[in-house]
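For the sequence shown, UniProt numbering puts the final residue at 240, and the numbers step up evenly by one.
First the structure, in the form of structure tokens, and then the observations on it.
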Amino acid sequence: IQIFQIGLPGLNKKVVWMDCGIHAREWIASAFCQYFILETYKTDPKMELMMKNMDFYVTPVLNVDGYMFSWLNETTRLWRKNRTPGPCGCTGTDLNRNFYSNWGTVGVSFDCCSQTFPGQGPVSEPEAQAVTQFVRNISDSVLAFLTIHSYGQLLLIPYGHPEVIAPNQDELVRQKHGCGADTLARSRNASLIPLFSHWARTLSRPVPQSVEEVIRQDSHSISAQVRAISLEQAIVSRMN
Numbered sequence: 001i002q003i004f005q006i007g008l009p010g011l012n013k014k015v016v017w018m019d020c021g022i023h024a025r026e027w028i029a030s031a032f033c034q035y036f037i038l039e040t041y042k043t044d045p046k047m048e049l050m051m052k053n054m055d056f057y058v059t060p061v062l063n064v065d066g067y068m069f070s071w072l073n074e075t076t077r078l079w080r081k082n083r084t085p086g087p088c089g090c091t092g093t094d095l096n097r098n099f100y101s102n103w104g105t106v107g108v109s110f111d112c113c114s115q116t117f118p119g120q121g122p123v124s125e126p127e128a129q130a131v132t133q134f135v136r137n138i139s140d141s142v143l144a145f146l147t148i149h150s151y152g153q154l155l156l157i158p159y160g161h162p163e164v165i166a167p168n169q170d171e172l173v174r175q176k177h178g179c180g181a182d183t184l185a186r187s188r189n190a191s192l193i194p195l196f197s198h199w200a201r202t203l204s205r206p207v208p209q210s211v212e213e214v215i216r217q218d219s220h221s222i223s224a225q226v227r228a229i230s231l232e233q234a235i236v237s238r239m240n
């Protein structure tokens with residue numbers, strides 16, 4: 001797993017963590033991280049200012065084996081999990097559901113052939129073990145933790161459990177919705193699933209801002225998602 005450190009020279013700098021590609025088939029998410037590395041910091045004056053005070057740690061492809069497998073041919077294009085052999089003869093674990101935060105409680109299936117199989121235990125997978133150790137080592141400096149997915153047009157906040165909310169949930173919701181946040185009612189939704197970004201809030205020094213962003217498509221219909229995946233494939237192929 002490659003992690004890029006981007007920033008300008010300085011002392012006692014804070015860290016922004018960004019990972020993409022934890023789900024193999026979400027090519028455009030990995031492309032987003034690559035674009036961020038190659039272009040954003042060169043052209044955006046605000047980024048130059050931020051990099052004087054912060055370092056960005058960017059992982060373009062967290063699920064390397066699964067991502068490479070999804071490129072083999074048309075039959076593997078929608079592969080989501082990693083490539084670890086499972087206990088029932090099927091392959092792969094949903095890495096986004098393999099972390100300590102409320103592991104195995106909501107939004108998972110313990111059928112190891114399922115797309116949402118969380119593994120045989122929390123942090124059972126080598127990818128999860130590697131990034132968990134790395135983030136723990138820098139956790140005192142991490143100011144924000146961003147995990148990028150596609151598609152959905154969602155912003156998912158901790159903790160991914162119907163009975164447990166983050167102490168700073170009101171702050172997180174207000175940052176998303178602005179002044180309108182005061183009129184919103186709490187609801188049960190897709191964020192009530194334990195995710196990698198939610199784990200960052202459980203560290204001994206919780207990361208203040210930890211979110212999963214699911215970048216948009218034109219519609220939530222199945223046909224639109226199929227078209228979006230086809231477009232994604234064309235875009236990434238051109239980039240390569």
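Ideal Cβ positions, reconstructed from N, Cα and C, are used throughout, including at glycine.
Since the structure is predicted, the reported quantities are computational estimates derived from the model, not experimental observations.
Beta-carbon separation (whole angstroms), residue i vs residue j, contact threshold 8 Å
i	j	result
residue 37	residue 1	So it is not a contact: roughly 15 Å between Cβ atoms.
residue 66	residue 79	6 Å
residue 63	residue 21	6 Å
residue 125	residue 82	6 Å
residue 98	residue 128	5 Å
residue 4	residue 58	5 Å
Of the listed residues the options, nearest to residue i (C-alpha basis)
i	options	result
residue 104	20, 92, 119, 132	119
residue 145	25, 9, 12, 17	17
residue 35	113, 60, 74, 75	60
residue 24	136, 55, 72	72
residue 87	12, 47, 117, 33	117
residue 77	132, 33, 12, 28	28
residue 11	147, 40, 141, 69	141
Assigned secondary structure, residue i (DSSP; H/G/I helix, E/B strand, else coil)
i	result
residue 4	strand
residue 19	strand
residue 11	coil
residue 24	coil
residue 141	helix
residue 105	coil
residue 114	coil
residue 91	strand
residue 150	strand
residue 100	coil
residue 129	helix
residue 30	helix
residue 135	helix
residue 45	helix
Buried or exposed by the 16-neighbour rule on C-beta atoms within 10 Å, applied to residue i
i	result
residue 110	exposed
residue 95	buried
residue 84	buried
residue 193	At residue 193 the pLDDT is 49, less than 50, meaning the model places this residue with poor confidence and gives no usable figure here.
residue 53	exposed
residue 9	exposed
residue 113	exposed
residue 55	buried
Short CB-CB distance (under 8 Å) between residue i and chain D
i	result
residue 37	Reference to chain D is not applicable here, since this structure consists of a single protein chain.
Next on the checklist: I'd like the ranges of any alpha helix (DSSP H) spanning at least 4 consecutive residues and lying wholly in the region 52-88.
Outcome noted: Within the region 52-88, complete alpha helix (DSSP H) segments of at least 4 residues are found at 64-70, given in chain order.
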